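Scroll down for the structure; my scribbles are underneath it.
Structure below.
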């Protein structure tokens with residue numbers, strides 16, 4: 383498990399608190415992250431492609447799937463933005479989608495590059511087929 387005392391900080395107390403919450407969940411054995419090239423919205427009948435999905439259906443396990451298609455994420459830095467969004471659903475679990483998007487935009491601006499790189503280290507390099 384990653385020590386929360388050794389994570390990079392931005393100097394902003396609220397942003398650092400959220401970052402530590404993200405790291406707390408990322409370092410748990412019950413959270414699994416995977417990359418998949420063709421990720422479709424299961425709730426949408428037209429099966430539109432989505433950037434990421436957080437599935438907490440099989441409690442206590444939480445699964446985050448990130449669409450790694452180049453048409454949606456030009457590079458791995460963009461995948462970090464999706465990871466921030468999906469972790470926002472975990473930390474702020476009763477918050478509506480439009481507020482999660484606002485939180486995501488604020489955190490992307492406020493996290494330092496070092497913090498973003500630290501989050502990127504939790505995203506696997508390989509992709510899964512299923």
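Numbering (our numbering), first residue to last: 383 to 512. In this text, a Cβ means the ideal position worked out from N, Cα and C, and glycines have one as well. Just so we're clear, the structure is a prediction, and the values are computed from it rather than from any experiment.
Cβ-Cβ distance between residue i and residue j below 8 Å
{"i": "residue 435", "j": "residue 421", "result": "yes"}
{"i": "residue 501", "j": "residue 454", "result": "no"}
{"i": "residue 407", "j": "residue 386", "result": "no"}
Neighbourhood of residue i by C-beta distance below 8 Å, restricted to the same chain and skipping five residues each side
{"i": "residue 463", "result": "486, 490"}
Spatial neighbours of residue i in its chain, beta-carbon cut-off 6 Å, leaving aside the 5 residues before and after
{"i": "residue 498", "result": "462"}
{"i": "residue 430", "result": "423"}
{"i": "residue 391", "result": "398"}
{"i": "residue 438", "result": "444"}
{"i": "residue 446", "result": "415, 436, 468"}
{"i": "residue 419", "result": "450, 451, 509"}
{"i": "residue 511", "result": "none"}
Contacts around residue i, its chain only, beta-carbon distance under 7 Å, and the 5 residues preceding and following it disregarded
{"i": "residue 403", "result": "473"}
Closest by C-alpha distance to residue i, when choosing among the options
{"i": "residue 460", "options": "469, 438, 448", "result": "448"}
{"i": "residue 469", "options": "427, 384, 415", "result": "415"}
{"i": "residue 458", "options": "384, 426, 495", "result": "495"}
Opening and closing residue of the alpha helix (DSSP H) in which residue i lies
{"i": "residue 372", "result": "Examination of residue 372 is not possible in this model, given that the chain is present from 383 through 512 alone."}
{"i": "residue 430", "result": "Residue 430 -> no alpha helix (DSSP H), and no H or E assigned at all."}
Inter-residue CB distance, residue i and residue j (contact presumed, cutoff 8 Å)
{"i": "residue 388", "j": "residue 506", "result": "22 Å between Cβ atoms; not a contact."}
{"i": "residue 482", "j": "residue 471", "result": "6 Å"}
{"i": "residue 493", "j": "residue 401", "result": "7 Å"}
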